[in-house]
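Read left to right, the first sequence gives residues 32 to 446 (the working numbering).
Ideal Cβ placement from N, Cα and C applies to all residues, glycine included.
For reference, the structure is listed below as structure tokens.
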Amino acid sequence: MRIGYACLTYGNITSNFKTITKKTLTVENLLKVIDHNLNALEEIIDYNIENNLDLFRITSDLIPFGSSSLNVIEWDKIFGERFHDISLKILDSGIRVSMHPGQYSVLNSPREEVLTNTIDDLKYHEKVLNLLGTDNSSKIVLHIGGVYGDKKSSIDRFIENYNKLENAIMDRVIIENDDKSYTIEDVMHISSKAGIPVVFDNLHHKVNNCGGSDLLWIDEARKTWLKEDGVQKIHYSQQDTKKSKGAHSFTIDLGEFKEYMHLNFRGSLDVMLEVKDKNLSAIKVSNFVRSSNINKLEVEWSRYKYNILEKSPKNYNSIRQLLKAKEQYPIIEFYNLIDISLSLESTIGNQINAIEHVWGYFKDIATEEEKKKYFGLIAKFKEGRNTSNGIKKFLKELAFKYERDYLMNSYYFSI
DNA sequence: TGACGTCAAGATCCG
DNA sequence: CGGATCTTGACGTCA
């Protein structure tokens, strides 16, 4: 089983993707932002390789106005070499990338103009995957679209429009059940007529339910994946219990995931997680499915420990105890304690405790000026005249200045 | 007409 | 001036 996440990283990656609005849309700005975004993509690919994350959905915002005539530059040619550099990393690592056009691309729209825009958008997505040198197992995920008061003819129109797409796009499009209009049964029906691979989404099925177990539908959907399409892919997410039906949870609850995976799926599965904490959950689930070495948890502990310390010294100690049993792999308990702790409110006292632990790395090597700044900030914080953000930012600067690897990889400064 | 879901940009406000 | 906090946005469908 391979694990991945969508579009963005949460936490410790320095550069995120930038966007452009119509008002600031100039050639100069486009060149700048595309350059930035390709660097960000490369950084994320590197990160995914380091962390053994096998699947990744590339954001549709990679190229601003990528499918619009407002973008007048030949970005595919101008940045051809950059795409090539990244493609080598993707191909070499075997990471499976994919894309997912947004809600405004609707292949079954009765409006001519919407259809034209959708086809342009699909061309854009295909171009990116092509520039990245991927084969046809790198997919473009689509929902079916609107119902327009007549599901049957809307389904027919989807199939008709799909069949008019150019081959290179048809070979990449796969279809997914959504949480409002088209159930997995509808999508399977379309697949049987048009020969399109089907992505089963568990939360959408839960919200827009047509009967049948997840196991049944995943096994049915498996049959729609041919050899050249690659391993069957599913989307997996959990309900945020505090939000509306269908809202993704902040993080993946491993116990719940474990139970789901006990369904005994028949073949290999690629699992795309849809979750707010993105890469963090992907690492968590990946450690569950592919490892039983406690070193993996120790690496995770090094990243989370100061976050836990500032939330709950009690849980901090519990986790330390848990990790002492070197021959075991208490992964569920480990992440449960992490997740529970992160959801707590931290007290001023606990925050100061964590700050002082981190300051311990620098107290002997900091310059007089740095010491002065630190004691000034901490005094102000104790009086409640600022938040811990400023102190954390300063400590992060010190971590990078003095190259303390342990801290540089910590989530303490970023989540 | 707003909700839908999402996050960066841009605007505004505050010390 | 820098940081914190808001509002807005290229695109569509549905109630």
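Helix, strand or coil at residue i [DSSP, three-state]
| i | result |
| --- | --- |
| GLY407 | helix |
| ASP116 | helix |
| ILE205 | strand |
| TYR267 | strand |
| SER222 | helix |
| VAL330 | helix |
| ASP232 | strand |
| SER129 | strand |
| ILE89 | strand |
| LEU257 | coil |
| LEU160 | helix |
| PHE110 | coil |
Burial state of residue i, where buried means 16 or more other Cβ atoms lie within 10 Å
| i | result |
| --- | --- |
| ILE350 | buried |
| SER136 | buried |
| ILE362 | buried |
| VAL58 | exposed |
| GLN352 | exposed |
| PHE431 | exposed |
Proximity below 8 Å, CB of residue i to CB of residue j
| i | j | result |
| --- | --- | --- |
| GLY277 | ASP210 | yes |
| LEU62 | ARG113 | no |
| LEU84 | ASN310 | yes |
| ILE206 | LEU173 | yes |
| ASP260 | ASN167 | yes |
| GLU157 | ALA199 | yes |
| LEU373 | LYS404 | no |
| ASP92 | PHE48 | yes |
| ASP232 | HIS279 | no |
Where the alpha helix (DSSP H) containing residue i begins and where it ends
| i | result |
| --- | --- |
| MET32 | From DSSP, MET32 is part of no alpha helix (DSSP H); its letter is neither H nor E. |
| ASP436 | 436–439 |
| LEU373 | 362–373 |
| ILE80 | 58–81 |
| ILE383 | 379–390 |
| ASP308 | Segment: none, ASP308 is in no alpha helix (DSSP H) and carries neither H nor E. |
| LEU422 | The amino acid occupying residue 422 in the given sequence is Ile; Leu does not appear at that position. 420–432 is the extent of the alpha helix (DSSP H) around ILE422. |
| PHE141 | The residue you asked about is not Phe; residue 141 is Pro in the sequence shown. Element bounds for PRO141: n/a, residue is neither H nor E. |
| LEU353 | 344–353 |
Residue i versus residue j - alpha carbon distance
| i | j | result |
| --- | --- | --- |
| SER244 | LEU234 | 12 Å |
| PHE189 | ASN139 | 4 Å |
| THR272 | ILE109 | 46 Å |
| LYS327 | ARG127 | 23 Å |
| PHE412 | ASN440 | 25 Å |
| LYS120 | ASP77 | 8 Å |
| ILE369 | ASP202 | 42 Å |
| LEU39 | THR90 | 7 Å |
| GLY286 | GLU331 | 18 Å |
| ILE379 | ALA385 | 10 Å |
Residue span of the beta strand (DSSP E) that contains residue i, given as start and end
| i | result |
| --- | --- |
| ILE283 | Careful: ILE283 lies outside any beta strand (DSSP E) and carries neither H nor E. |
| ASP301 | 301–304 |
| VAL178 | No beta strand (DSSP E) holds VAL178; DSSP gives it neither H nor E. |
| LEU173 | 171–173 |
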